[in-house]
């Protein structure tokens, strides 16, 4: 790797420093995971990030995930997160991606069953998060809190090849300027209620919340997984 730090690597360094600073201020012993959202960005820019130590990357579009997963398959410790809308006819393609780590947008039982079938065929397991629509915005995917908890129980009990790992939300634009953010409060309540109902500790379940504009607030409200794109890679390019 070149000794000259690229713009992307500098951006990544600044984001990581901010994450660790806020985590320390909150008295947290573990900083949240950073998922670098690389949608519409070419593989060479992902490689720059990877060479600076970043391992977790998020993709919204199945075709991009397939292409980049194939192009970077030799990076055996890269970890892909699918963060786009789930579609039944694309599930087998998602499951075939090398180094698939987590699907963050599960929101119905049918897709859970299809994912289970595909991962079973491959003899592999994948982490899943259930998307919760905490802002009641129709254009956003996700389940209502009670539905999300029921789906979590279904995956946990019925899907041996899916590792139920917690809950995810996309906060509203209005909420992103609020401290505390009501969307993040609601997701934490879902997680806490679920853990209580299944008799397990809350630390066993992830909270994936916080993006480029609101990740600092999300960390303060307990996020364990933040998804940052434009503040690392720059503005999103138009999808081809």
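Residue numbers (full-length UniProt numbering): 1 to 240.
Virtual Cβ for every residue (Gly too), placed ideally from N, Cα, C.
Please read these numbers as outputs of a predicted model, since none were measured by experiment.
Length of the line joining the Cα atoms of residue i and residue j
i, j, result
"residue 65", "residue 215", "24 Å"
"residue 228", "residue 22", "16 Å"
"residue 174", "residue 211", "14 Å"
"residue 6", "residue 236", "18 Å"
"residue 1", "residue 46", "Confidence at residue 1 is low in this model, with a pLDDT of 42, below 50, so its placement is unreliable and no value can be given for it."
"residue 134", "residue 4", "42 Å"
"residue 109", "residue 91", "13 Å"
"residue 136", "residue 178", "17 Å"
"residue 49", "residue 101", "18 Å"
"residue 132", "residue 10", "33 Å"
"residue 187", "residue 107", "14 Å"
"residue 190", "residue 40", "32 Å"
"residue 144", "residue 168", "12 Å"
"residue 24", "residue 89", "43 Å"
"residue 13", "residue 234", "14 Å"
"residue 17", "residue 34", "11 Å"
"residue 204", "residue 115", "22 Å"
"residue 94", "residue 156", "20 Å"
"residue 51", "residue 8", "11 Å"
"residue 117", "residue 103", "15 Å"
"residue 154", "residue 202", "18 Å"
"residue 105", "residue 238", "22 Å"
"residue 171", "residue 222", "14 Å"
"residue 42", "residue 60", "14 Å"
"residue 119", "residue 176", "36 Å"
9 Å Cβ cutoff met for residue i and residue j
i, j, result
"residue 62", "residue 80", "no"
"residue 217", "residue 184", "yes"
"residue 112", "residue 158", "yes"
"residue 83", "residue 58", "yes"
"residue 73", "residue 99", "yes"
"residue 226", "residue 28", "no"
"residue 54", "residue 31", "no"
"residue 141", "residue 86", "yes"
"residue 149", "residue 213", "no"
"residue 78", "residue 232", "no"
Assigned exposure category for residue i - 16 Cβ within 10 Å defines buried
i, result
"residue 146", "exposed"
"residue 200", "exposed"
"residue 181", "buried"
"residue 44", "exposed"
"residue 197", "exposed"
"residue 70", "exposed"
"residue 68", "buried"
"residue 242", "Because the chain here runs from 1 to 240, residue 242 falls outside it and cannot be looked at."
"residue 208", "buried"
"residue 139", "exposed"
"residue 76", "exposed"
"residue 230", "exposed"
"residue 26", "exposed"
Chain D within 9 Å of residue i, Cβ atoms only
i, result
"residue 211", "Judged by its chain identifiers, the structure shown contains no chain D, having just a single protein chain."
Entirely enclosed alpha helix (DSSP H) segments - the stretch 179-214, minimum 4 residues: 182-198
Complete runs of the beta strand (DSSP E) confined to the stretch 100-178 [at least 3 residues]: 100-106, 126-131 and 162-168
Contact the stretch 111-131 vs the stretch 163-171: 3+ CB pairs below 8 Å: yes
Contained beta strand (DSSP E) runs [length at least 3] in the stretch 38-99, N- to C-terminal order: 56-59 and 79-82
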